[in-house]
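Below is one structure, written out as structure tokens, with a few remarks after it.
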Amino acid sequence: MKSRDNIPYRFPSTAQIISPLSLPRPSISTISTSLLSYTSDYLQPPEPPQSFFSFTVPRLSNTDALQPPSQLQGFRVSDFAIVRTLGQGSFGRVHLVQSRYNSHYYAMKVLRKSYITKKDQVAHTNSERFMLSSLNHSFIIRLWASFQDAEYLYMILDFAAGGDLFQLLRRSGKFPEKVVKFYSAEVALALNFMHSCNVIYRDLKLENILIGGDGHIKVADFGFAKVADERAWTLCGTPDYIAPEVIRGERYNQSIDWYALGVLIYEMMVGTPPFWAPDVNALYERIMYGTSIVAWPENVFDVVDLILQLMHNDPTRRLGNLLHGAGDLFQHPFYAEVDWARLLAKEITPPYQPDLTHPGDASA
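Using the working numbering, the letters of the sequence shown map in sequence onto residues 5 to 368.
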């Protein structure tokens, strides 16, 4: 699996550094066996209930939907005990910390102010802080506190003990269909919530999908996220996941996130992204050409149909951007057995659960 090249440049993402990827992991055989034997306990409703969309957050204005909690302020470094360092670099470092007040474990992201200014990352840093503090959802990483001193910025985030989907896929090769269904459904719920709050995520990829200690996902890294009452223009994200209208320089909306979900599903099913090229420009040409040149897995008709509809070159015909929005995706045959309300409530057993001895265990 090849490396990713983000455009434009930015310092390492929240997902890359709050997940303790450098620590020991279960063996490939252990994880693969666990995923292959996964049997979902979805309940299959005979008919979509009348309240099918009842869990969807109403669409709100920017002011109403994105209000940072007031309790984020007033903390200091001394309020947290550093357990260990999870990662470090020129940007700063990330520590596993324990609160001296509630004894809970968190990831403390420490950013060097001089580096942020030098790399022109002030806007992205502020955007990520605002989004993470404002979007409160079961499947989105949460910012619990932020503060600063003369040299550093500090963010106190959820600690995701289970790594990320990119690392899990690298150790597994590819995921069985039921595993793809579970993870993609949780991601879809997170995206639907963001969109209901007028937010375009703009950076969906496996590396940004963390796995919590309970085995459920946490979407992270909101440096490119944008509040979007109007359409956006900026070319950003990871090349493998960029929708064709973004490459063409056209105005775009939240449908680019659904396109990226199609790429994500394909990569989980096959083990590689749908398009490959020796350089970024050639990759963009293939993306704009469309899915007719993609090699498809055999005998998985529903998931292929889902991916094709999500990766439609025309955003006006793309699943998730049609009359019923995300509701059309939720009712796709690939998800026919999914009880969305139970999934949202975390009542479905995840396919992979980190083997943790305590909440602050960073060895999973």
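For each residue, glycine too, the CB sits at the ideal point set by N, CA and C.
- Contact between R252 and M292 holds, with the beta-carbon distance rounding to 7 angstroms and staying under 8 angstroms.
- Sequence-distant Cβ neighbours of H99 in its own chain, meaning closer than 6 angstroms and more than five residues away, are I86, T89, M112.
- A straight-line Cα-Cα distance of about 12 angstroms links P277 and R290.
- If you draw a 10 Å sphere on the C-beta of P363, you find fewer than 16 other C-beta atoms in it, and that means exposed.
- Within the same chain, and ignoring the five residues on either side of L169 in sequence, the residues whose Cβ sits closer than 6 angstroms to its Cβ are L210, I213.
- Ranked by Cα distance from N106, the options S296, D153, I144, W148 are led by W148.
- DSSP places Q258 outside both helix and strand once states are collapsed to three, so it counts as coil.
- With distances taken between CA atoms, F151 lies nearest to R80 out of R80, L265, L195.
- Using a 10 angstroms sphere on the CB of T242, the tally of other CB atoms reaches 16 or more, which defines it as buried.
- The continuous alpha helix (DSSP H) containing L172 extends over residues 169-176.
- The residue from R146, D359, Y270 with its alpha-carbon nearest to that of A224 is R146.
- Setting aside the 5 residues that flank it on each side, M198 is surrounded in the same chain by Y205, each with a C-beta closer than 6 angstroms to its C-beta; the list follows chain order.
- Boundaries of the alpha helix (DSSP H) harbouring L310: 305-314, taken from the DSSP string.
- Remark: three or more beta-carbon pairs, one from each stretch, lie closer than 8 angstroms, so the region 108-123 and the region 152-159 are flagged as touching.
- Counting along the chain, no alpha helix (DSSP H) covers W148; the unbroken beta strand (DSSP E) around it starts and ends at 147-152.
- Taking C-beta atoms as the reference points, G96 and G177 fail to come closer than 7 angstroms.
- In the structure shown, K113 falls within a strand segment according to DSSP collapsed to helix, strand and coil.
- With a contact defined as Cβ atoms closer than 8 angstroms, L348 and S188 miss out at about 14 angstroms.
- Per DSSP, the beta-bridge partners of Y156 are R116.
- When only Cα atoms are considered, S82 and D218 end up about 28 angstroms apart.
- Distance between E351 and N285, taken at the CA atoms: about 44 angstroms.
- Beta-bridge analysis with DSSP links F84 to S103.
- The continuous beta strand (DSSP E) containing K222 extends over residues 221-223.
- For L333, the enclosing alpha helix (DSSP H) stretches over residues 330-334.
- For A236, the beta-bridge partners assigned by DSSP are Y256.
- With contacts defined as CB atoms closer than 7 angstroms, V267 and Y288 fail to qualify as a contacting pair.
- The straight-line gap separating the alpha-carbon atoms of F334 and M272 is approximately 19 angstroms.
- CA-CA distance, P358 to V183, rounds to 15 angstroms.
- Counting along the chain, no alpha helix (DSSP H) covers L326, and no H or E run does either.
- Taking a C-beta distance under 7 angstroms as the contact criterion, L310 and D261 do not qualify as a contact pair.
- K230 has I204 as its beta-bridge partners, per DSSP.
- Nearest Cα to K185 within the set Y270, L323, D332, A330: Y270.
- I297 and D207 have their C-alpha atoms roughly 24 angstroms apart.
- In this structure, A165 places its C-beta atom within 7 angstroms of the C-beta atom of L360.
- When the alpha-carbon of S94 is set against those of Q102, T121, V308, the nearest one is in T121.
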